[in-house]
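Residue numbers (our numbering): 39 to 457.
The next block holds one structure in the form of structure tokens; read it before the comments.
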Amino acid sequence: MPVCVLELVGEQQAQTLPDGLDVALDRRHLPGGLATSRSGGGGGGGRGGGGGGKSRSDPRGGPGSSNPMIEALKQRDRTVELADLAPHIAEIAQDQYGSRLIQQKLEVASEEEKALAFKMVLQKMGQLTTDVFGNYVIQKFFEYGTHEQRRILAEQLVGQVLKLSMHMYGCRVVQKALDSVPIEQQVLLIGELKGHVLKCIEDQHGNHVIQKCIERLPTDRIGFIVESFIGQMSRMAKHCYGCRVIQRLIEYCASAQISPLLDETLRFCMELATDQYGNYVVQHVMEHSSRPGDRQALMQIARKNVLSLSCHKYASNVIEKALGCGTLEERAVLIQGIVGEPGEGHSPILTMMRDRFGNYIVQRVIMLAQGPQREALLWKLHEHMPALKKSNTYGKHIITALERAQVAHGQSNVPGMRS
């Protein structure tokens, strides 16, 4: 299960997000908590960049498909120096092979060679920044250029940050700039996003730039991002990109700074917990909020609604998070709510262990319960062992969990396990 989206349990399957990034999702299909970066970096990873995609000049050659200049470079790949590429570097950078070659040479070039290449790249920076392959060359200059070259490159972005942030390739350059320049220039660049934060967040490319702002700048410089969420928290928490940005705010900002956002999360807790994206925000508050009382309030809501939440496709993630991040005492109270009181006729666990989603919570409880509570749980399941053995796949999951728990706890016998 995607607790913090770090652990994926059960069968995994690939799903393509709107921005073309393939990610592994768990059985409950929870893409909202995946905070993937669109910063390409080095031409190895982003969509169509220096790593993937098809070159305008097909690297395999073939009639009518090759650029003579690129073909000539391929013939002397190992002997080419950056100085040799400089006169035509803008054209070469817009080819897949050429972009990779320039990036490789930049990593080992002398200061003189980089200065010559930089002069030529700067003349075509506007074109290269939004090019499928050229953007990687600009990123590489931000990474390997001198302090002065990075400053000049960042200056070229002034006045275009909003437009580039919502561009498929331009957003990568903006992110790399934020990674590479001093705070004064960072503040200058992100100032152009003021008044447009929600627009960026709702954009499949722009949301990554906002996340980068949160990650790279001091929290006292991103107050305008926090303020944009006031009164919009519930809506944005249920947005496929908005939930990612909120999670970054919860991770990086002091609870006092995002107090209005935390208040709204608590107010709309049940609504968010049952949403495919909002449940991640509830989980994040439960795990990361340092404001006194937030986790306890969410734990109480979880305990009060444990059956309905555990049997819900998305909210069951919140219950699992509660079991994982609560104190021993809080966990015991929640488990008691699941197992039921002694002598209780129909405790929640009996419904949960036959439910498509609830059975996963029961499996988790089997591993976590301790002491007398564990004994009560095992006897409760023992009473229904015959039915579990005859039941559908969910019942078999419970039996398997019991067998694993028997091994983990070093028990020689678990009631009802021997037929």
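Where a beta carbon is used, it is the ideal one built from N, C-alpha and C, also for glycine.
The structure displayed is predicted, hence computed values, not measured ones.
Boundaries (first-last residue) of the alpha helix (DSSP H) holding Asn355: Segment 353-363, the alpha helix (DSSP H) holding Asn355.
Residue range of the alpha helix (DSSP H) that includes Asn317: In this chain, the alpha helix (DSSP H) harbouring Asn317 covers 316-326.
Integer Cβ distance of Arg369 from Leu406, believed to fall under 8 angstroms: Approximately 7 angstroms separates the beta-carbon atoms of Arg369 and Leu406; this is inside 8 angstroms, confirming the contact.
Sub-8 angstroms separation of Val212 and Val247 beta-carbons: Using a Cβ distance threshold of 8 angstroms, Val212 and Val247 count as a contacting pair.
Lys214 versus Asp393: straight-line alpha-carbon distance, rounded: When rounded, the distance between both Cα atoms is 46 angstroms.
Burial state of Ile357, where buried means 16 or more other Cβ atoms lie within 10 Å: Ile357 should be labelled buried.
Closest by C-alpha distance to Ala353, when choosing among His384, Ile399, Gly375, Leu139: The option with the nearest alpha carbon to Ala353 is Ile399.
Thr365 versus Lys359 - alpha carbon distance: Straight-line Cα distance between these residues: approximately 12 angstroms.
Burial state of Gln113 (16 or more Cβ within 10 Å): By the 10 Å Cβ count, Gln113 comes out exposed.
Element boundaries [alpha helix (DSSP H), containing Cys307]: Its alpha helix (DSSP H) spans residues 307-311.
Whether Val219 touches Arg259 by CB criterion (8 angstroms): No, they are not a contact pair.
Sequence-distant residues of the same chain with beta carbon closer than 7 angstroms to Arg254, five excluded per side: Within the same chain, Arg254 has close Cβ partners Leu216, Asp217, Gln224.
Backbone CA spacing between Gln270 and Gly316 [nearest angstrom]: C-alpha separation (whole angstroms): 13 angstroms.
Beta-carbon separation (whole angstroms), Leu236 vs Ser266, contact threshold 8 angstroms: The Cβ separation is near 6 angstroms, so the contact holds.
Contact check, Met163 vs Ile127, beta carbons under 8 angstroms: No. Outside cutoff.
Cβ-based burial, His67 [other Cβ within 10 Å; buried from 16]: The pLDDT assigned to His67 is 40, lower than 50, so where the model puts this residue is not dependable; a value taken from the coordinates is nonetheless given after this. Counting every other CB atom within 10 Å of its CB across the protein chains shown gives His67 a total below 16, marking it as exposed.
Where the alpha helix (DSSP H) containing Gln213 begins and where it ends: First-last of the alpha helix (DSSP H) with Gln213: 208-218.
Own chain residues within Cβ distance below 7 angstroms of Phe156, not counting five before or after: Exclusion of the five residues before and after Phe156 leaves Phe179, Gly183, Gln187 as the residues of its chain whose Cβ lies within less than 7 angstroms of its Cβ.
Separation of Thr257 from Ile228, as counted between CA atoms: Counting only the Cα atoms, Thr257 lies some 13 angstroms from Ile228.
Start and end residues, alpha helix (DSSP H) containing His185: 185-195 is the extent of the alpha helix (DSSP H) around His185.
Three-state class that DSSP yields for Lys162 in the structure shown: In the structure shown, Lys162 sits in coil (DSSP, three-state: anything other than H, G, I, E or B).
Backbone secondary structure at Gln338 - three-state DSSP: DSSP places Gln338 in helix when its eight states are reduced to three.
Residue from Arg210, Asp133, Leu144, Leu139 whose Cα sits closest to the Cα of Thr168: Looking at the Cα atoms, Arg210 is the closest of the given residues.
Collapsed DSSP secondary structure at Gly90 in the structure displayed: Model confidence at Gly90 stands at a pLDDT of 44, short of 50, so the residue's coordinates are unreliable and nothing is read from them.
DSSP-derived helix/strand/coil call for Ser297: The answer is helix: DSSP assigns Ser297 an H, G or I state.
Pairwise C-alpha distance: Ala124 and Gln194: Between Gln194 and Ala124, the C-alpha separation is close to 20 angstroms.
Residues near Leu345 by beta carbon distance below 6 angstroms, same chain, minus five either side: If the five residues before and after Leu345 are omitted, its C-beta is found closer than 6 angstroms to the C-beta atoms of Pro386, all from its own chain and listed in chain order.
Own chain residues within Cβ distance below 8 angstroms of Ser348, not counting five before or after: Within the same chain, Ser348 has close Cβ partners Ser354, Ile357, Ile376, Pro386, Met390, Asp393, Phe395, Gly396, Ile399.
His246 - DSSP class collapsed to helix/strand/coil: Correct three-state label for His246: helix.
Beta-carbon separation (whole angstroms), Tyr279 vs Ile239, contact threshold 8 angstroms: Between the beta-carbon of Tyr279 and that of Ile239 there is about 6 angstroms, and that keeps the pair under the 8 angstroms contact cut.
Coil, strand or helix - Glu119 by DSSP: The answer is coil: DSSP assigns Glu119 none of H, G, I, E or B.
With 16 other Cβ atoms within 10 Å as the buried cut-off, status of Thr431: That one is exposed.
Inter-residue CB distance, Ser203 and Leu231 (contact presumed, cutoff 8 angstroms): Going by Cβ atoms, the distance from Ser203 to Leu231 rounds to 7 angstroms, so yes, they are a contact pair.
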